[in-house]
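Here is the structure we will look at, set down as structure tokens.
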Amino acid sequence: MGEFYLSNKTVPFECFDACRNSCSGPVFILASGPSTKTFPLEQYGQFPMMALNGSICRFAAAGMNPDYYLCDDSSFVRNRLPLMLQAVERARHLVLSPRVIETLLGTVPDALEGRSVFRFERAGRCDERHRHLSPRQFSREVRSDEDIECNYSWLRQKPNRIGFSRNLKKGYFNGRTIPYAAIQLAYHLGFNQVFLVGVDLRASAGRFYEDGSAAVPSRLDGDFDEYILPSFQLLAERVIKPQFQVYNMSADSRLPDRLIPRLELAQLDALLASA
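Straight run, no breaks: the sequence shown in my numbering ends on number 349.
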């Protein structure tokens, strides 16, 4: 355990070292794309699950509790506080960024009391040695670190923000979409089969739990080509191996099959049966 100091409040948090490689086998990651609505979540309740942002309401509707809940977007806390509190109540472990923790406790001061909380920080920001480096300086320094895969460019800054962390004590790369961060958590924990649900990545389709004027604007379209797609390209080329596989359960995902293979339910069942 460690402590996180926030104004006059001390928040105890779990240590990522203690849970590294503590799990194995398959894990399901539920995002907020429309295809989450049609995925038969209840049929797979015996497997470990991660909820992301608003997908917690799918678990609530099914009467299920995810093992992990991830959120690194403080605007989600401001815009969807009831869902955030639902996640705090239902999830076994909360994996939250410092800004999410600060925003939540600024609204509901005792929200995290008695909860298992991991402090989720970006790579390059979680220790004093790297905190003041630019993305280019950081990516250059960690090129020989076996826990981190990172692009490097002297000419452009954006490629230096693309990476993958195998050890969350050293931070994570957000890839501008929370499912990418969840894949890094899955790797850190030791899962070797990752099944993505609702990773549709189409802003026009919206989130499955929002309708009409109540929908919060999405940045997916603006981030896809420069951040999201290159992040999954790096994942496919430098992280996915026979011992670590990632599959996409969305039939209408924007992610190319050449990067993340798409599965139908029958194929999913066959993989799980053979595991």
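Glycine is no exception: its CB is placed at the ideal position from the N, C-alpha and C atoms.
- Excluding sequence positions up to five before and after C93, its CB lies within less than 7 Å of the CB of L263, all in the same chain and listed in chain order.
- Straight across, the Cα-Cα distance linking F121 with P140 is about 10 Å.
- For Y142, the enclosing beta strand (DSSP E) starts and ends at Y142 to C145.
- By the criterion of a C-beta distance shorter than 8 Å, L159 is surrounded in its chain by V182 and A185, once the five residues flanking it on both sides are discounted.
- Proximity of the segment 217 to 235 to the segment 113 to 130 falls short of the contact definition, fewer than three beta-carbon pairs being nearer than 8 Å.
- Taking the Cα positions, R193 is about 6 Å away from F87.
- DSSP places A125 in the strand class (E or B) of the three-state scheme.
- A distance below 8 Å separates the beta carbons of Y246 and R196.
- Annotation for G237: the continuous beta strand (DSSP E) segment containing it runs G237 to S239.
- The segment 193 to 265 is shown to contain whole beta strand (DSSP E) runs of 3 or more residues at 222 to 224 and 237 to 239, in chain order.
- With a cutoff of 8 Å on beta-carbon distance, L329 and L259 are scored as not near each other.
- Per the coordinates, the alpha-carbon of Q341 lies some 10 Å from the alpha-carbon of A347.
- In the structure shown, the three-state DSSP call for Y283 is coil.
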